[in-house]
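Following: one structure in structure tokens, then a few remarks.
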Amino acid sequence: MKIRAALLEEFGQPMAIRELDLAPPNAGEVLVRIHACGVCHTDLYTWSGVDPSGYAPTVLGHEGAGVVEEVGEGVTSLRPGDHVITLFSPECGECDHCASGKTNICTAIRAQQGSGYLPDGTARLSLDGEPVRHFMGTSTFAEYTVMPEIALAKVNPEAPFDKICTLACGATTGLAAAIHKAAVEPGSTVAVFGCGLVGLGAVAGSQIAGAERIFAVDMSEERLAIARRYGATDCFTGGEEAVARIMELTGGNGVDYSFEATGNVKVMRQAVEVARIGWGLCTVLGVAGKGETLDIVPRLLITGRRVQGGSFGGAKGRTHVPQFVDMYMAGKLDLDGFVSHHLSLEEVMKGFELMEAQDGIRSVITF
Ligand SMILES: [Zn+2]
Ligand SMILES: [Zn+2]
Numbered sequence: 041m042k043i044r045a046a047l048l049e050e051f052g053q054p055m056a057i058r059e060l061d062l063a064p065p066n067a068g069e070v071l072v073r074i075h076a077c078g079v080c081h082t083d084l085y086t087w088s089g090v091d092p093s094g095y096a097p098t099v100l101g102h103e104g105a106g107v108v109e110e111v112g113e114g115v116t117s118l119r120p121g122d123h124v125i126t127l128f129s130p131e132c133g134e135c136d137h138c139a140s141g142k143t144n145i146c147t148a149i150r151a152q153q154g155s156g157y158l159p160d161g162t163a164r165l166s167l168d169g170e171p172v173r174h175f176m177g178t179s180t181f182a183e184y185t186v187m188p189e190i191a192l193a194k195v196n197p198e199a200p201f202d203k204i205c206t207l208a209c210g211a212t213t214g215l216a217a218a219i220h221k222a223a224v225e226p227g228s229t230v231a232v233f234g235c236g237l238v239g240l241g242a243v244a245g246s247q248i249a250g251a252e253r254i255f256a257v258d259m260s261e262e263r264l265a266i267a268r269r270y271g272a273t274d275c276f277t278g279g280e281e282a283v284a285r286i287m288e289l290t291g292g293n294g295v296d297y298s299f300e301a302t303g304n305v306k307v308m309r310q311a312v313e314v315a316r317i318g319w320g321l322c323t324v325l326g327v328a329g330k331g332e333t334l335d336i337v338p339r340l341l342i343t344g345r346r347v348q349g350g351s352f353g354g355a356k357g358r359t360h361v362p363q364f365v366d367m368y369m370a371g372k373l374d375l376d377g378f379v380s381h382h383l384s385l386e387e388v389m390k391g392f393e394l395m396e397a398q399d400g401i402r403s404v405i406t407f
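Sequence positions in the sequence shown follow my numbering and run 41 to 407.
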């Protein structure tokens, strides 16, 4: 079939909307009509050419929500008409990692996905007969995409696509980190560094988990105001003195749980330093630049602080994402405040500009 998609042909150059060919789903695959898609930093990072593992031509986009149009042979968990969220992090339920119950990093299709292909090693996308690679196994800056069944989360069909698409990446990363990966306990103290979508998700998740005091640190007053709306009790501008300030406000102890969502290794170090002696747990969520390292004074670890990271916040996509959608529909989770701009597919480059200008939280393309 012919579809319209934003095609990345040359890194750093504006993406044009082109007509591409999309082959029907093979065995284990599903054709999805995309209704909404968020514009994320990972798309911008790959578009810029800085990502050493990037490739072109490709169709970017990984925060999609849409409707199943057609299923390939052997697909049993989805059928036409189902509403789905796209997952760059699949959940097969059967590989060694999934079976362990210890991690959300499913290895079933990892190698092929990383090189831009569907699990059988080929692409469904093409232009004038030449294959166009898939991005993050999703390629959702497009009217339609073909994805593996194990990389689609079936969700409540009543939920609005333009809000729940934020759960395909950023919002779930923060929410799951707080609720599942760190498992914030009621009555605890929390510090969140960085109040973009991931950090706000961590603030919201901590509040849902019953945290008593939530410190939010960011460089933008506007974002701090939004963090307050999501449950942050103490908000202040980031900088050298952030650690001392949090220590002072916690009686010199530090917090039970800290989260880092900036990708800046100096901020990661601060997040480790504010974790309290004895049991403080720091969860690193930001993606640092290539070759950068995190400096930690070993004494901090010996005296009981712990450091962990979590891709997608440790969320198991097919299990946890539908639960977050249900929480949103039940009024227990607010996703509306995460969406700051609505764009058309033709305006995808504007989504990158807004991100670079740090304007708003999330731009969402609707089809
Ligand atoms: Zn993302
Ligand atoms: Zn798996």
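Beta carbons are placed, not taken as given, at the ideal position from N, Cα and C, and that holds for glycine.
Does the region 346-355 come within contact of the region 306-325, defined as at least 3 CB pairs closer than 8 Å?
Yes, the region 346-355 is in contact with the region 306-325.
Should A67 be labelled buried (16 or more other beta-carbon atoms within 10 Å of its own) or exposed?
exposed
Is it the case that the Cβ atoms of I57 and A45 are separated by a distance below 9 Å?
For the 9 Å CB-CB criterion, I57 and A45 form a contact.
Tell me the DSSP secondary structure of A193 in three-state form.
Residue state, collapsed to three classes: strand.
Please confirm whether P83 and G101 have their CB atoms less than 9 Å apart.
It is worth fixing the name first, because residue 83 is Asp in this sequence and not Pro. Yes. Within cutoff.
How big is the Cα-Cα spacing for G236 and E183?
27 Å
Under 9 Å between C-beta atoms of L71 and V172
no
Backbone CA spacing between A193 and G210 [nearest angstrom]
15 Å
Where do the N-terminal and C-terminal ends of the beta strand (DSSP E) with L167 fall, by residue?
Run containing L167: 165-167, per the beta strand (DSSP E) assignment.
For the 8 Å Cβ check, are there 3 or more pairs between the region 87-101 and the region 204-223?
no
Label T126 either buried or exposed according to how many other C-beta atoms from any shown protein chain fall within 10 Å of its C-beta, with 16 as the threshold for buried.
buried
Ordered list of beta strand (DSSP E) runs contained in the region 60-98, each at least 3 residues
69-79
Quick one: what does DSSP say P171 is sitting in, helix, strand or coil?
strand
Looking at the secondary structure, which residues open and close the alpha helix (DSSP H) in which G154 lies?
DSSP places G154 inside the alpha helix (DSSP H), whose first and last residues are 150-154.
Secondary structure, alpha helix (DSSP H): runs of 4+ residues fully inside the region 287-322:
305-313
How would you label R269, buried or exposed, when you count the other beta carbons within 10 angstroms and need 16 or more for buried?
exposed
Should the region 275-290 be regarded as contacting the region 252-267, the criterion being three or more beta carbon pairs within less than 8 Å?
With a cut-off of 8 Å, the region 252-267 and the region 275-290 count as touching, because enough Cβ pairs lie within range.
Spatial neighbours of A199 within its chain, please: CB distance less than 6 Å, with the 5 preceding and 5 following residues excluded, ordered by chain position.
V365, M369
Span of the alpha helix (DSSP H), counted from its first residue to its last, around T212:
210-216
Residues near G227 in its chain [Cβ-Cβ closer than 6 Å; skip 5 each side]
E252
Go through the region 330-405 residue by residue and report every complete run of the alpha helix (DSSP H) that reaches 4 residues or more, in order.
Fully enclosed alpha helix (DSSP H) runs of 4 or longer: 338-342, 357-369, 388-396.
Have a look at Q153 and P130 and give me their C-alpha separation to the nearest angstrom.
Distance between the alpha carbons of Q153 and P130: 10 Å.
Rounded to the nearest angstrom, how far is the Cβ of F233 from that of V307, given a contact under 8 Å?
5 Å
For Q53, is the classification buried or exposed, using 16 other Cβ atoms within 10 angstroms of its Cβ as the cut-off for buried?
exposed
Looking only at its own chain, which residues have a Cβ that is under 8 Å from the Cβ of Y157, when we skip the five neighbours before and after it?
A163, R173, H174
Quick one: does the C-beta of A148 sit closer than 8 Å to a heavy atom of ligand 2?
At least one heavy atom of ligand 2 sits closer than 8 Å to the Cβ of A148.
Strictly by DSSP, which residues pair up with M187?
V70
What are the uninterrupted segments assigned as alpha helix (DSSP H) that are 4 or more residues long and contained completely in the region 206-271, given in chain order?
210-216, 237-248, 261-269
For the candidate residues T302, K330, E332, I342, whose alpha-carbon lies nearest to that of A315?
I342
What's the gap between the Cα of S93 and the Cα of R285?
39 Å
Beta carbon of F255 nearer than 9 Å to that of A223:
No, they are not a contact pair.
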